[in-house]
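Colleague:
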Amino acid sequence: MTAINRLLKSINNIQQDINLITQKTIPVLENASNTMRRVDELSENIQREIDGIMYSIRSLKKIADDVVELETKIKQKVEEPLLDSISFFSGIIKGIKTFIMKMKS
1 MTAINRLLKS
11 INNIQQDINL
21 ITQKTIPVLE
31 NASNTMRRVD
41 ELSENIQREI
51 DGIMYSIRSL
61 KKIADDVVEL
71 ETKIKQKVEE
81 PLLDSISFFS
91 GIIKGIKTFI
101 MKMKS
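Residues in the sequence shown are numbered from 1 upward in steps of one, following the working numbering.
Quick look at the structure:
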């Protein structure tokens with residue numbers, strides 16, 4: 001066999017090896033591409049869930065702030081008149097006690 005024939009045979013073997021590698025590599029690359037696509041979809045889904053959770057947390061915080069504000073307003077409007085009423089009734093009770101004590105003596 002001449003050197004050229006051996007060289008052609010080697011080139012032919014290399015070409016067959018490259019074809020085999022290509023055939024085996026394409027499914028692996030397609031699989032990797034599908035896996036990356038699924039990872040991207042999962043990442044997007046996770047981000048949407050996180051956004052939803054953050055929205056819920058902000059809503060709950062707003063509700064809590066509104067409740068605190070309402071409590072403060074109610075306290076401001078009710079506390080003073082209530083204390084005045086308690087003082088008024090306390091004064092009436094003391095007056096009645098004093099009256100009864102004077103009537104007894």
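For each residue, glycine too, the CB sits at the ideal point set by N, CA and C. Remember, predicted model here, so these are calculated numbers, not experimental data.
How is the alpha helix (DSSP H) around THR2 delimited, first residue to last?
Modeller: If you number the sequence shown from 1, residue 2 lands on position 2. First-last for THR2: undefined, no H or E at that position.
Colleague: Going along the chain, which residues of its own chain have a beta-carbon closer than 8 angstroms to the beta-carbon of ILE4, five neighbours each way excluded?
Modeller: Position 4 of the sequence shown, counted from the first residue, corresponds to residue 4. For ILE4, where only same-chain residues beyond five positions count, there are no Cβ hits under 8 angstroms.
Colleague: What is the rounded straight-line gap between the Cα of SER105 and the Cα of THR98?
Modeller: For the purposes of this step, residue 105 is taken as residue 105 along the sequence shown, with counting starting at 1. For the purposes of this step, residue 98 is taken as residue 98 along the sequence shown, with counting starting at 1. Roughly 11 angstroms between the two C-alpha positions.
Colleague: By how many angstroms is the C-alpha of ILE92 removed from the C-alpha of ILE74?
Modeller: For this step, residue 74 is matched to residue 74 along the sequence shown. For this step, residue 92 is matched to residue 92 along the sequence shown. Their Cα atoms are separated by approximately 27 angstroms.
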